[in-house]
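Chemist:
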Amino acid sequence: MRDLVRRIEYATPPGRDRAVDALRALAILGVVLGHWLVTALVADSGTVRTASPLQYMPHLAPVSWAFQTLAVFFLVGGYAAARGLDSTRARGGSYGRWLGARLERLSRPVTAVVALWAVVAVLTLASGVGLATVLALVKLVWSPLWFLLVFAALTAVTPLVRKLHPLWPLALVLYVDVFRFGLDGPAALGWINVVAGWLVPYCLGVSWARALPGRRAGWGLLLGGSAATAGLVLVAGYPASMVGVPGAAISNLNPPTLAAVTFGLAQCGAALLLIGPLRRVLRRPAVWAAAALVNLCAMTVFLWHQTAMIAVTALGLLAGRPLTGLHTPPDGAGWIVARLLWLPLFAAALLICWSAFGTYEQPRRPSGSRLVAQGRPAPSKAVRDA
């Protein structure tokens, strides 16, 4: 382990902003833990259905505030895309080549998980498993892909986003919500916010690539976003949960509401305030090595964490009876305690998924990321491109 830490430290170029990688790692891990904690697969009368502890215990809604970290991912994504495009152009590369490389990094691991689950769905249906169960499982695995589609679309328009102020997409989200909630407009209009809502933190990330906002801006986003979110929840009637809850009339996330966007602004403010402390902490080689390793397999972790949970849940059925925290309704404190005890097994299953499918995340040609993983010094430009 010491040798791995030393090699990663040696391979990291001096100019790399380690805090950016740490924020990306925290955002991905937040999403994973959030899904594992608020998504339950309940075995009932020969079928499996999804449920959420927030459905039975709505007072736990603040838990979703800690684990709904998508805004931070889009913030970092905008920053990385703008910096990567600048680096490509500085070397004489084209926008098309840059975009193709980035989209390939997204599409290859996605193709693997979609193909595997297409086969699993066919085989389970052929073995006599009910259609409702198969659809519940496939939806659980494939539903996060909407996030990657939006991320890919925003990446493609990065040159245009450079010219856009974050207030414009924020104003569009406000208009859409006023029209559909205040004026009884069509609910389908809300899907505009799928792009506009996540464009707000992405714009902030692109702006950050030009110059890191000062602490005053960070505090302004944190306090302003928090105050706006509190007002929308307490006065305007938006849900307190920042993730979807089965059976709820309104979801803050599907599609994103104004409350989700203002909450994301608060998260972005907190992230910007953490840049300085993170840079200091990440000078420690062991801490940086952990952040770097998570980033090297970020897509694999994101795409396969639900599969890991499903695999553990399926194996648990071999016990012949419902296991608390795994197959039972998430309706009490006992379920929460049991669920926390299952998390290490979910993580172990995810590690197996990574060992089997992690290669799909690596680029076809040697890059800085792969060289770091192998412990060899990586050229600074290659690492920045990755």
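Using this note's numbering, read the sequence shown as starting at 3 and increasing by one per residue. Ideal placement from N, C-alpha and C gives every residue a C-beta, glycine not left out. Source: prediction; values computed, not measured.
Hey, how far is the Cα of S369 from the Cα of L191?
Modeler: As a position in the sequence shown, residue 369 is number 367, starting the count at 1. As a position in the sequence shown, residue 191 is number 189, starting the count at 1. Model confidence at S369 stands at a pLDDT of 43, short of 50, so the residue's coordinates are unreliable and nothing is read from them.
Chemist: Could you give the distance in angstroms between the alpha-carbon of A128 and the alpha-carbon of L105?
Modeler: Start at 1 with the first residue of the sequence shown, and residue 128 comes out as number 126. Start at 1 with the first residue of the sequence shown, and residue 105 comes out as number 103. A128 and L105: Cα-Cα distance of roughly 34 angstroms.
Chemist: Note down the Cα distance separating Q57 from T41, rounded to an integer number of angstroms.
Modeler: Translated into the one-based positions of the sequence shown, residue 57 becomes position 55. Translated into the one-based positions of the sequence shown, residue 41 becomes position 39. Rounded to the nearest angstrom, the gap between the Cα atoms of Q57 and T41 is 10 angstroms.
Chemist: Helix, strand or coil: how does DSSP classify A238 here?
Modeler: Residue mapping note: residue 238 aligns to position 236 of the sequence shown, counting from 1. Coil.
Chemist: On the DSSP bridge assignment, give the partners of P161 in chain order.
Modeler: For the purposes of this step, residue 161 is identified with residue 159 of the sequence shown, where counting begins at 1. According to DSSP, which records beta bridges pairwise, P161 is partnered with nothing at all.
Chemist: Could you say which of A189, A114, P15 lies nearest to P257 if we only look at CA atoms?
Modeler: Position 255 of the sequence shown, counted from the start, is the residue given in the question as residue 257. Looking at the Cα atoms, A189 is the closest of the given residues.
Chemist: Measuring straight from C-alpha to C-alpha, what distance separates V131 and L137?
Modeler: For the purposes of this step, residue 131 is taken as the residue at position 129 of the sequence shown. For the purposes of this step, residue 137 is taken as the residue at position 135 of the sequence shown. Each residue's Cα considered, the two are about 10 angstroms apart.
Chemist: Entirely within the region 100-167 and at least 4 residues each: give me those alpha helix (DSSP H) ranges in chain order.
Modeler: Counting whole runs of 4 or more residues, the region 100-167 contains the alpha helix (DSSP H) stretches 133-144, 147-158, 160-163.
Chemist: Got a sec, what are the start and stop residues for the beta strand (DSSP E) T52 sits in?
Modeler: Here residue 52 refers to the residue found at position 50 when the sequence shown is read from its first residue. First-last of the beta strand (DSSP E) with T52: 49-53.
Chemist: In whole angstroms, what separates the C-alpha of G334 from that of A63?
Modeler: As a position in the sequence shown, residue 334 is number 332, starting the count at 1. As a position in the sequence shown, residue 63 is number 61, starting the count at 1. Whole-angstrom Cα-Cα distance: 14 angstroms.
Chemist: Can you check which of these residues, R20, G102, W100, is closest to L284 by C-alpha distance?
Modeler: If you number the sequence shown from 1, residue 284 lands on position 282. Considering only alpha carbons, the answer is R20.
Chemist: Run through DSSP, which three-state label would V44 get?
Modeler: To locate residue 44, count along the sequence shown from 1; it is residue 42. Three-state DSSP puts V44 in a strand.
Chemist: Keeping to the same chain, check which residues put their C-beta closer than 6 angstroms to that of V247; ignore five residues upstream and five downstream.
Modeler: Taking the first residue of the sequence shown as position 1, residue 247 is located at position 245. Excluding positions up to five away in sequence, the list reads S54, L56, Q57.
Chemist: I need the DSSP call for L284, collapsed to helix, strand or coil.
Modeler: Counting from 1 along the sequence shown, the entry for residue 284 is found at position 282. Looking at L284 - three-state DSSP - the assignment turns out to be coil, as it is neither helix nor strand.
Chemist: Give me the Cα-Cα distance between V175 and M3, rounded to the nearest whole angstrom.
Modeler: Locating residue 175 in the sequence shown gives position 173, counting from the first residue. Locating residue 3 in the sequence shown gives position 1, counting from the first residue. Each residue's Cα considered, the two are about 47 angstroms apart.
Chemist: Rounding to the nearest angstrom, what Cα-Cα distance links A313 and L133 in this structure?
Modeler: Residue numbering aside, residue 313 sits at position 311 when the sequence shown is read from its first letter. Residue numbering aside, residue 133 sits at position 131 when the sequence shown is read from its first letter. So the alpha carbons of these two residues sit roughly 18 angstroms apart.
Chemist: DSSP beta-bridge partners for P258?
Modeler: Counted from its first residue, the sequence shown places residue 258 at position 256. Note: P258 sits in a beta bridge opposite L255.
Chemist: Shortest alpha-carbon distance to A154 belongs to which of A293, P324, G227, A83?
Modeler: Numbered from its first residue, the sequence shown carries residue 154 at position 152. It is A83 whose Cα lies nearest to the Cα of A154.
Chemist: If the criterion is Cβ atoms closer than 7 angstroms, does the pair F69 and P203 meet it?
Modeler: Here residue 69 is taken as the residue at index 67 of the sequence shown, counted from 1. Here residue 203 is taken as the residue at index 201 of the sequence shown, counted from 1. Contact: no.
Chemist: Tell me whether Q70 sits in a helix, a strand or coil according to DSSP, three-state version.
Modeler: Against the sequence shown, residue 70 aligns to sequence position 68. Q70 falls in the coil class under three-state DSSP.
Chemist: Verify whether the separation of the beta carbon atoms of G327 and L275 is less than 7 angstroms.
Modeler: Locating residue 327 in the sequence shown gives position 325, counting from the first residue. Locating residue 275 in the sequence shown gives position 273, counting from the first residue. Not closer than 7 angstroms, so no.
Chemist: Beta-carbon within less than 8 angstroms of R281's beta-carbon, same chain only, minus the 5 sequence neighbours each way: which residues are those?
Modeler: Taking the first residue of the sequence shown as 1, we reach residue 281 at position 279. Taken in chain order, the residues that qualify are D19, R20, A21.
Chemist: Within the continuous alpha helix (DSSP H) that includes H307, where are the two ends?
Modeler: Here residue 307 is taken as the residue at index 305 of the sequence shown, counted from 1. For H307, the enclosing alpha helix (DSSP H) stretches over residues 300-318.
Chemist: Buried or exposed, going by whether 16 or more other CB atoms sit within 10 Å of the CB of R182?
Modeler: Sequence index remark: in the sequence shown, residue 182 carries index 180 (1-based). Classification of R182: buried, given that the 10 Å Cβ count is 16 or more.
Chemist: To the nearest whole angstrom, what separates the beta carbons of L150 and V178, a pair I think is in contact under 8 angstroms?
Modeler: On the sequence shown, residue 150 is found 148 positions in, with the first residue counted as 1. On the sequence shown, residue 178 is found 176 positions in, with the first residue counted as 1. Not really, about 23 angstroms apart at Cβ, beyond 8 angstroms.
Chemist: Measure the alpha-carbon distance for L319 versus R212 and round it to whole angstroms.
Modeler: One-based indexing of the sequence shown puts residue 319 at position 317. One-based indexing of the sequence shown puts residue 212 at position 210. It is roughly 53 angstroms from the alpha-carbon of L319 to the alpha-carbon of R212.
Chemist: Apart from the five residues on each side of it in sequence, which residues of its chain come closer than 8 angstroms, Cβ to Cβ, to V196?
Modeler: As a working mapping, residue 196 is identified with position 194 in the sequence shown. Around V196: W148, V152, P257, P258.
Chemist: Does the contact criterion of 3 or more C-beta pairs under 8 angstroms hold for the region 340-348 versus the region 95-102?
Modeler: no
Chemist: Could you work out which residue in A316, A230, S66, A300 is closest to F359 when comparing CA atoms only?
Modeler: Along the sequence shown, read from residue 1 onward, the residue named residue 359 stands at position 357. Looking only at A316, A230, S66, A300, the smallest Cα-Cα distance to F359 is reached by A300.
Chemist: If you run the structure through DSSP and keep just helix, strand and coil, what is S369?
Modeler: To locate residue 369, count along the sequence shown from 1; it is residue 367. Residue placement at S369 is flagged as unreliable, the pLDDT there being 43, under the threshold of 50; a coordinate-derived value is accordingly withheld.
Chemist: Excluding the five sequence neighbours on either side, which residues of its own chain have a C-beta within less than 8 angstroms of the C-beta of R110, listed in chain order?
Modeler: Here residue 110 refers to the residue found at position 108 when the sequence shown is read from its first residue. Contacts found: Y362, E363.
Chemist: Would you kindly work out how many angstroms separate the C-alpha atoms of R9 and R107, rounded to a whole number?
Modeler: As a working mapping, residue 9 is identified with position 7 in the sequence shown. As a working mapping, residue 107 is identified with position 105 in the sequence shown. Using only the alpha carbons, I get a separation of about 24 angstroms.
Chemist: Assuming T302 and W356 make a contact with CB atoms under 8 angstroms, what is their CB distance in whole Å?
Modeler: To locate residue 302, count along the sequence shown from 1; it is residue 300. To locate residue 356, count along the sequence shown from 1; it is residue 354. Confirmed, about 5 angstroms.
Chemist: Just the Cα atoms here: how many angstroms apart are N297 and A238?
Modeler: To locate residue 297, count along the sequence shown from 1; it is residue 295. To locate residue 238, count along the sequence shown from 1; it is residue 236. Rounded to the nearest angstrom, the two C-alpha atoms are 38 angstroms apart.
Chemist: What residue range is occupied by the uninterrupted alpha helix (DSSP H) comprising E11?
Modeler: Within the sequence shown, residue 11 is the residue found at index 9, counting from 1. Looking at the DSSP string, the run of the alpha helix (DSSP H) that includes E11 is 4-13.
Chemist: Can you tell me whether D23 is buried or exposed? The criterion is at least 16 other CB atoms within 10 Å of its CB, across all chains shown.
Modeler: Within the sequence shown, residue 23 is the residue found at index 21, counting from 1. Result: buried.
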